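Chains as they are written, first to last, in our numbering: chain W, 1 to 311; chain D, 1 to 445.
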Amino acid sequence: MEILKVENIVKQYAGHRALDDISISTQEGEIFGLLGPNGAGKTSLIRIINQITGPDSGRVLLNGKEITPEDISKIGYLPEERGLYKKMKVGEQALYFARLKGMSKFEAKQKLKFWFDKFEISSWSGKKVEELSKGMAQKIQFITTVLHEPKLLILDEPFSGFDPINTELIKSEILRLKENGTSIMLSTHNMSSVEEICDSIALINKSKLVVSGTLEEVKKQYDSDVYAIQFKGIMMAFANALWTGYELIDKKQLDDNTAIAYIKMKNGNKINDLLKVVMPSVEVEAIHKVIPSMNDIFIKAVGGEIGGNNE
Amino acid sequence: MSKLGLIINREYTSRVKKKSFLLLTILVPLLAVGFMFGAMWLTQEKDKQVSVLIADPAGWCHTQIYQNPNDNTNKNIEFSFYENYIDSVDVFMTGEQFQDYDILVWLTEKVPSSRRVPVFYRDQPSLQTEHYIQNRVEARLMEYFALKKTNISQDQYREIKQSFDFRFLDGSDPTGSDYSNEQAGVGFAFAILTYMFIFIYSMQVMRGVIEEKTNRVIEVLISSVKPFQLMMGKIIGIGLVGLTQFVIWLLLSGIGMMALRLFIFTDMNDPENWNADAMNNGLVESSMATQSSELVYLFFEAINWPLMLISFVIYFIGGFLLYSAIFAAIGAMVDSETDTQQLVLPVTAPLILGYIVSAMMISNPSSEIGTWFSMIPFTSPVVMMVRIAQGTLEGEFWQYIVSVVLLFGTFLATTWLAAKIYRVGILMYGKKASWTEVVKWIRYK
Numbered sequence: 001m002e003i004l005k006v007e008n009i010v011k012q013y014a015g016h017r018a019l020d021d022i023s024i025s026t027q028e029g030e031i032f033g034l035l036g037p038n039g040a041g042k043t044s045l046i047r048i049i050n051q052i053t054g055p056d057s058g059r060v061l062l063n064g065k066e067i068t069p070e071d072i073s074k075i076g077y078l079p080e081e082r083g084l085y086k087k088m089k090v091g092e093q094a095l096y097f098a099r100l101k102g103m104s105k106f107e108a109k110q111k112l113k114f115w116f117d118k119f120e121i122s123s124w125s126g127k128k129v130e131e132l133s134k135g136m137a138q139k140i141q142f143i144t145t146v147l148h149e150p151k152l153l154i155l156d157e158p159f160s161g162f163d164p165i166n167t168e169l170i171k172s173e174i175l176r177l178k179e180n181g182t183s184i185m186l187s188t189h190n191m192s193s194v195e196e197i198c199d200s201i202a203l204i205n206k207s208k209l210v211v212s213g214t215l216e217e218v219k220k221q222y223d224s225d226v227y228a229i230q231f232k233g234i235m236m237a238f239a240n241a242l243w244t245g246y247e248l249i250d251k252k253q254l255d256d257n258t259a260i261a262y263i264k265m266k267n268g269n270k271i272n273d274l275l276k277v278v279m280p281s282v283e284v285e286a287i288h289k290v291i292p293s294m295n296d297i298f299i300k301a302v303g304g305e306i307g308g309n310n311e
Numbered sequence: 001m002s003k004l005g006l007i008i009n010r011e012y013t014s015r016v017k018k019k020s021f022l023l024l025t026i027l028v029p030l031l032a033v034g035f036m037f038g039a040m041w042l043t044q045e046k047d048k049q050v051s052v053l054i055a056d057p058a059g060w061c062h063t064q065i066y067q068n069p070n071d072n073t074n075k076n077i078e079f080s081f082y083e084n085y086i087d088s089v090d091v092f093m094t095g096e097q098f099q100d101y102d103i104l105v106w107l108t109e110k111v112p113s114s115r116r117v118p119v120f121y122r123d124q125p126s127l128q129t130e131h132y133i134q135n136r137v138e139a140r141l142m143e144y145f146a147l148k149k150t151n152i153s154q155d156q157y158r159e160i161k162q163s164f165d166f167r168f169l170d171g172s173d174p175t176g177s178d179y180s181n182e183q184a185g186v187g188f189a190f191a192i193l194t195y196m197f198i199f200i201y202s203m204q205v206m207r208g209v210i211e212e213k214t215n216r217v218i219e220v221l222i223s224s225v226k227p228f229q230l231m232m233g234k235i236i237g238i239g240l241v242g243l244t245q246f247v248i249w250l251l252l253s254g255i256g257m258m259a260l261r262l263f264i265f266t267d268m269n270d271p272e273n274w275n276a277d278a279m280n281n282g283l284v285e286s287s288m289a290t291q292s293s294e295l296v297y298l299f300f301e302a303i304n305w306p307l308m309l310i311s312f313v314i315y316f317i318g319g320f321l322l323y324s325a326i327f328a329a330i331g332a333m334v335d336s337e338t339d340t341q342q343l344v345l346p347v348t349a350p351l352i353l354g355y356i357v358s359a360m361m362i363s364n365p366s367s368e369i370g371t372w373f374s375m376i377p378f379t380s381p382v383v384m385m386v387r388i389a390q391g392t393l394e395g396e397f398w399q400y401i402v403s404v405v406l407l408f409g410t411f412l413a414t415t416w417l418a419a420k421i422y423r424v425g426i427l428m429y430g431k432k433a434s435w436t437e438v439v440k441w442i443r444y445k
């Protein structure tokens with residue numbers, strides 16, 4: 001079932017269009033990756049979903065109904081630009097945010113105790129935020145985002161600022177929340193984590209939706225019919241054996257006598273055809289289809305462009 | 001508690017709990033009262049006994065100096081006369097027979113023509129003592145020469161010498177007294193107080209907005225509350241801090257004044273002393289007692305304190321709401337406090353203008369400019385305080401109503417506009433917004 005549906009969102013800022021007819025939908029209980037280069041419009045879209053700004057046209061549906069300000073308590077939002085009051089004590093601050101989300105004092109205190117114990121940070125409760133390291137502050141922020149047990153979590157760059165250990169901690173928490181039925185939308189530049197945890201993705205570039213769907217669908221879409229073939233023998237002999245039906249697009253020498261060649265099939269040739277051609281020249285050790293990584297897909301979809309404006 | 005209530009609560013308690021707030025709130029009135037105590041104490045402190053020798057070979061003084069028994073400075077000064085010549089100062093300083101005298105008033109034969117009277121001291125006397133000696137000896141000399149050169153009697157001379165007391169009274173209230181200077185002074189003090197409170201607390205609102213922006217806590221907040229709630233919560237919370245401070249100051253000042261009356265100026269409690277004329281003998285300059293009775297009159301009669309205090313609260317609230325909304329918008333437009341200066345200056349200009357007009361109104365209470373500025377919302381909180389103290393509102397109370405209504409109406413308008421700038425500005429990082437951008441923000445949906 002769809003939990004969040006974004007329909008034909010257009011957002012125009014002075015002089016440029018931040019979002020151009022964006023439509024996406026996320027399923028209940030899945031982790032949805034919102035990808036795109038800097039300045040693509042991700043944060044603009046996330047802000048519209050959180051009702052921080054309004055779209056010029058289009059609408060956002062939560063559980064099939066147009067979203068209202070009351071739905072805020074059903075959403076947990078961790079913005080990319082996030083921070084805490086430096087002079088305020090950790091415990092007081094977490095309590096304040098929880099109550100702004102509509103929790104009662106009693107309930108908030110109980111839940112906070114649970115999370116502080118879980119992250120082993122109960123001893124920080126009386127400390128001021130300015131005394132904490134950045135990673136510690138990030139943990140507090142994560143807790144305040146999930147404390148009210150929202151049905152939908154929106155995490156904008158959740159891993160930025162964390163060391164690898166804490167990244168793993170947050171990642172496993174995200175997966176655990178998913179198991180408990182929380183739907184999660186996250187934006188990230190960390191493509192390996194997208195492959196690891198996302199069920200489906202949408203990629204936005206230059207204000208437009210470039211590709212969307214489940215991870216497999218997207219990968220299939222970017223399947224370029226490339227095979228990696230590992231062999232013993234001489235690369236020159238291997239290359240000479242190829243006819244016009246194959247294109248050697250990359251190669252990697254593993255040792256003096258072993259190499260991997262990346263071959264793109266042409267004219268409808270299959271693996272068997274390729275094997276027949278090269279087997280007389282080299283000794284084939286392994287062959288497999290190259291599945292595009294999210295990193296490859298990202299670079300391909302964005303067209304190798306780098307940078308952009310701040311969102 | 002509603003979300004607005006939560007925000008107000010945080011803004012209020014986080015500031016009131018600060019050590020600096022407690023220190024400022026309690027120390028300032030203590031210092032002020034302490035300063036007053038100190039100043040009064042010093043003026044009351046008895047000067048040490050001073051022995052004055054008047055070298056008067058011509059006998060102008062007739063070995064007499066009139067000292068008013070009611071004047072408490074005279075008890076410390078004893079005049080003696082030496083009707084011979086003293087050749088030089090050295091004789092006075094070193095001469096055995098003069099060692100008991102602290103001060104020599106040297107009335108040489110040149111005095112009537114040169115009008116210059118040298119007075120020598122061993123240890124420098126207080127200003128008050130100097131003043132008193134000059135006053136007494138001068139009066140004696142004047143009298144001597146007046147009687148010598150004319151045919152009038154001593155009584156006639158003293159009658160002529162009585163000073164005239166000019167009083168400027170309200171024609172519609174001719175039995176009243178003239179305290180316009182004191183009233184203007186109190187009004188101006190309140191104008192400064194209003195100006196400072198509005199300025200200081202509006203700046204706090206701006207700093208709070210900038211803090212939330214630079215901390216990046218802002219987006220976390222507005223995913224839970226509306227920007228307008230956040231802005232108003234901050235403004236109301238900080239405004240309450242200001243009111244709290246004012247009330248504490250008022251209470252502490254009240255206690256301080258009461259202590260002053262009970263322990264220092266006990267004569268103030270005696271209604272006999274309330275009549276300034278009773279103490280005025282015409283020859284002696286205003287003494288401690290007459291000053292204090294005027295002070296008492298000023299505190300209890302000349303100023304409509306309830307109206308004054310209520311008006312301060314009304315104008316502080318109105319002026320603060322008006323300016324703080326603009327300051328909140330400025331905070332949202334910039335990325336750091338250093339960027340604010342050129343934006344703050346034009347906004348505070350009207351407030352400073354109000355201050356200048358208030359100062360002008362001390363000398364010109366019924367000025368037309370003052371009347372206008374006391375109704376224009378951006379200056380009225382400061383200027384109207386002077387008018388209320390001066391009592392120039394009588395019969396024109398409608399101006400007060402107009403002033404308050406305009407002030408609160410303008411506050412609604414500026415808040416509406418500020419909210420539009422605020423809600424966009426708080427999400428803009430990295431640079432200061434230009435005015436054209438700000439105009440575009442106002443138009444955003």
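Note that beta-carbon positions come from the ideal geometry of N, C-alpha and C, so glycine has one too. What you are looking at is a predicted structure, and each value in this text was computed from that prediction instead of being measured.
**Asked** So, does the CB of Trp274(D) fall closer than 7 Å to a CB anywhere in chain W?
**Response** What you label residue 274(D) is simply residue 274 of the second sequence in a count that begins at 1. Summary for Trp274(D): the model assigns pLDDT 43, below 50, so the residue's position carries little reliability; its value from the coordinates is reported in the next sentence. Output row for Trp274(D): interface = no.
**Message:** Give me the residue from Ala58(D), Gly370(D) and Leu230(D) with the minimum Cα distance to Thr415(D).
**Reply:** As a position in the second sequence, residue 415(D) is number 415, starting the count at 1. Checking every option, the nearest Cα to that of Thr415(D) belongs to Leu230(D).
**Residues that Ser230(W) bridges to, as DSSP identifies them** = Working through the first sequence from its first residue, we reach residue 230(W) at position 230. Per the sequence presented here, residue 230(W) reads as Gln, with Ser not at that position. In DSSP, Gln230(W) forms a bridge with Ile260(W) and Ala286(W).
**Close Cβ partners of Ile170(W) (< 7 Å) along its chain, the five nearest in sequence each way excluded** = Working through the first sequence from its first residue, we reach residue 170(W) at position 170. The answer, listed in chain order, is Phe142, Pro158, Phe159 and Phe162.
**Request:** Could you tell me the boundaries of the beta strand (DSSP E) in which Glu2(W) lies?
**Result:** Locating residue 2(W) in the first sequence gives position 2, where the first residue counts as 1. Segment Glu2 to Tyr13, the beta strand (DSSP E) holding Glu2(W).
**Counted within 10 angstroms of its Cβ, other Cβ atoms place Leu34(W) as buried (16 or more) or exposed** = For this step, residue 34(W) is matched to residue 34 along the first sequence. Its Cβ being crowded by 16 or more others within 10 Å, Leu34(W) is buried.
**Request:** Would you mind telling me which residues of chain W sit closer than 8 Å to Leu24(D), beta carbon to beta carbon, in chain order?
**Result:** Against the second sequence, residue 24(D) aligns to sequence position 24. Result: empty, since nearest Cβ-Cβ is about 17 Å, beyond 8 Å.
**Asked** So who's on the other strand from Glu247(W), going by DSSP bridges?
**Response** The residue labelled residue 247(W) in the question sits at position 247 within the first sequence. DSSP output for Glu247(W) lists Lys264(W) as bridge partner(s).
**Item:** Among Gly41(W), Glu247(W) and Ile31(W), nearest to Ile361(W) - alpha-carbon criterion
**Value:** Here chain W has residues from 1 to 311 only, and residue 361(W) is not among them.
**Asked** Which same chain residues, not among the five before or five after Leu406(D), have their C-beta less than 8 Å away from its C-beta?
**Response** Position 406 of the second sequence, counting from 1, holds the residue named residue 406(D). Hits under 8 Å: Met375, Ile376, Pro377 and Ser380.
**His148(W), buried or exposed, once every other Cβ within 10 Å from all chains shown has been counted against 16** = Indexing the first sequence from 1 puts residue 148(W) at position 148. That one is buried.
**Prompt:** Do you know how far the Cα of Lys270(W) is from the Cα of Glu216(W)?
**Reply:** In the first sequence, counting from the first residue as 1, residue 216(W) sits at position 216. In the first sequence, counting from the first residue as 1, residue 270(W) sits at position 270. Between Glu216(W) and Lys270(W), the C-alpha separation is close to 22 Å.
**Message:** Determine whether the beta carbon atoms of Ile197(W) and Ile31(W) lie at a separation below 7 Å.
**Reply:** Counting from 1 along the first sequence, the entry for residue 197(W) is found at position 197. Counting from 1 along the first sequence, the entry for residue 31(W) is found at position 31. Contact flag set, yes.
**Request:** Tell me whether Asn151(D) sits in a helix, a strand or coil according to DSSP, three-state version.
**Result:** For the purposes of this step, residue 151(D) is taken as residue 151 along the second sequence, with counting starting at 1. Of the three classes helix, strand and coil, the one that applies to Asn151(D) here is coil, per DSSP.
**Within-7 Å CB hit, Ile197(W) to chain D** = Locating residue 197(W) in the first sequence gives position 197, where the first residue counts as 1. So, not an interface residue.
**Request:** Say whether chain W places a C-beta atom closer than 7 Å to the C-beta of Leu6(D).
**Result:** Along the second sequence, one-based indexing puts residue 6(D) at 6. Under the Cβ criterion of 7 Å, Leu6(D) is counted among the residues facing chain W.
**Message:** Contact defined as beta carbons within less than 8 Å: I believe Tyr195(D) pairs with Leu351(D). What is the distance between those atoms, to the nearest angstrom?
**Reply:** Residue 195(D) sits at position 195 when you count from the first residue of the second sequence. Residue 351(D) sits at position 351 when you count from the first residue of the second sequence. With a Cβ gap of about 6 Å, Tyr195(D) and Leu351(D) count as contacting.
**Message:** Counting only beta-carbon separations shorter than 7 Å, does Val186(D) have a partner in chain W?
**Reply:** Indexing the second sequence from 1 puts residue 186(D) at position 186. Val186(D) does not count as touching chain W.
**Prompt:** Considering only residues of the same chain and omitting the five flanking positions on each side of Gln183(D), which have a CB-CB separation below 6 Å?
**Reply:** Counted from its first residue, the second sequence places residue 183(D) at position 183. Cβ within range, chain order: Ala302, Ala389 and Gln390.
**Prompt:** If we count the other Cβ atoms within 10 Å of its Cβ and call it buried at 16 or more, is Gln245(D) buried or exposed?
**Reply:** Taking the second sequence and counting its residues from 1, one reaches residue 245(D) at position 245. Result: buried.
**Prompt:** Do we get a CB-CB distance below 7 Å when we pair Pro320(W) with the residues of chain D?
**Reply:** In the structure as shown, chain W begins at 1 and stops at 311. Residue 320(W) is therefore absent and cannot be evaluated.
**Asked** With Phe327(D) and Met203(D) assumed to form a contact (beta carbons below 8 Å), what rounded beta-carbon distance in angstroms separates them?
**Response** Here the question's residue 327(D) lines up with position 327 in the second sequence. Here the question's residue 203(D) lines up with position 203 in the second sequence. Correct: roughly 7 Å between the Cβ atoms.
**Message:** Considering Cα atoms alone, identify which of Ile356(D), Asp123(D) and Leu321(D) is closest to Leu240(D).
**Reply:** As a first step, residue 240(D) is located in the second sequence; it is residue number 240 there, counting from the start. Between Leu240(D) and the set Ile356(D), Asp123(D) and Leu321(D), the nearest pair of CA atoms involves Leu321(D).
**Item:** Start-to-end residues for the beta strand (DSSP E) that takes in Phe97(W)
**Value:** What you label residue 97(W) is simply residue 97 of the first sequence in a count that begins at 1. Looking at the DSSP string, Phe97(W) is not in any beta strand (DSSP E); the run it does join, the alpha helix (DSSP H), is Val90 to Leu100.
**Members of the region 64 to 76 of chain W near chain D, C-beta cut-off 8 Å** = Pro69, Ile72 and Ile75
**Request:** Would you kindly work out how many angstroms separate the C-alpha atoms of Gly356(D) and Ser73(W), rounded to a whole number?
**Result:** Position 356 of the second sequence, counting from 1, holds the residue named residue 356(D). Position 73 of the first sequence, counting from 1, holds the residue named residue 73(W). With the sequence shown as reference, residue 356(D) is identified as Ile, and Gly is not the correct amino acid for it. Taking the straight line joining both Cα atoms gives about 51 Å.
**Item:** Within 7 Å, strictly: CB atoms of Val386(D) and Ser363(D)
**Value:** The residue labelled residue 386(D) in the question sits at position 386 within the second sequence. The residue labelled residue 363(D) in the question sits at position 363 within the second sequence. Against a cut-off of 7 Å, the Cβ pair of Ser363(D) and Val386(D) comes out as no contact.
**Item:** Near-chain W residues of the region 208 to 237 of chain D (beta-carbon distance less than 9 Å), N- to C-terminal order
**Value:** Glu211, Glu212, Thr214, Asn215, Arg216, Val217, Ile218, Glu219, Val220, Leu221, Ile222, Ser223, Ser224, Val225, Lys226 and Pro227
**Message:** Pull the bridge partners of Val52(D) from the DSSP assignment, please.
**Reply:** The residue given as residue 52(D) occupies position 52 in the second sequence. Beta-bridge pairing links Val52(D) to Phe79(D) and Ile103(D).
**Asked** First and last residue of the alpha helix (DSSP H) that includes Val447(D)?
**Response** With chain D running from 1 to 445 in the structure shown, residue 447(D) is simply not present.
**Request:** Sort out for me which residues DSSP pairs Leu34(W) with in a bridge.
**Result:** Here residue 34(W) corresponds to residue number 34 of the first sequence, with the count starting at 1. According to DSSP, which records beta bridges pairwise, Leu34(W) is partnered with Ser187(W) and Ala202(W).
**Asked** Are the region 206 to 223 of chain D and the region 327 to 338 of chain D touching, with three or more C-beta to C-beta distances below 8 Å?
**Response** yes
**Cross-strand partners of Ile24(W) (DSSP beta bridge)** = The sequence position of residue 24(W) within the first sequence is 24, counting from 1. DSSP lists Val6(W) as partners of Ile24(W).
**Asked** Of all Cβ atoms in chain W, is any one closer than 7 Å to the Cβ of Arg10(D)?
**Response** Start at 1 with the first residue of the second sequence, and residue 10(D) comes out as number 10. Cβ-Cβ to chain W under 7 Å: yes for Arg10(D).
**Asked** In angstroms, rounded to a whole number, what distance separates the CA positions of Glu313(W) and Met88(W)?
**Response** Any question about residue 313(W) goes unanswered here, given that chain W covers just 1 to 311.
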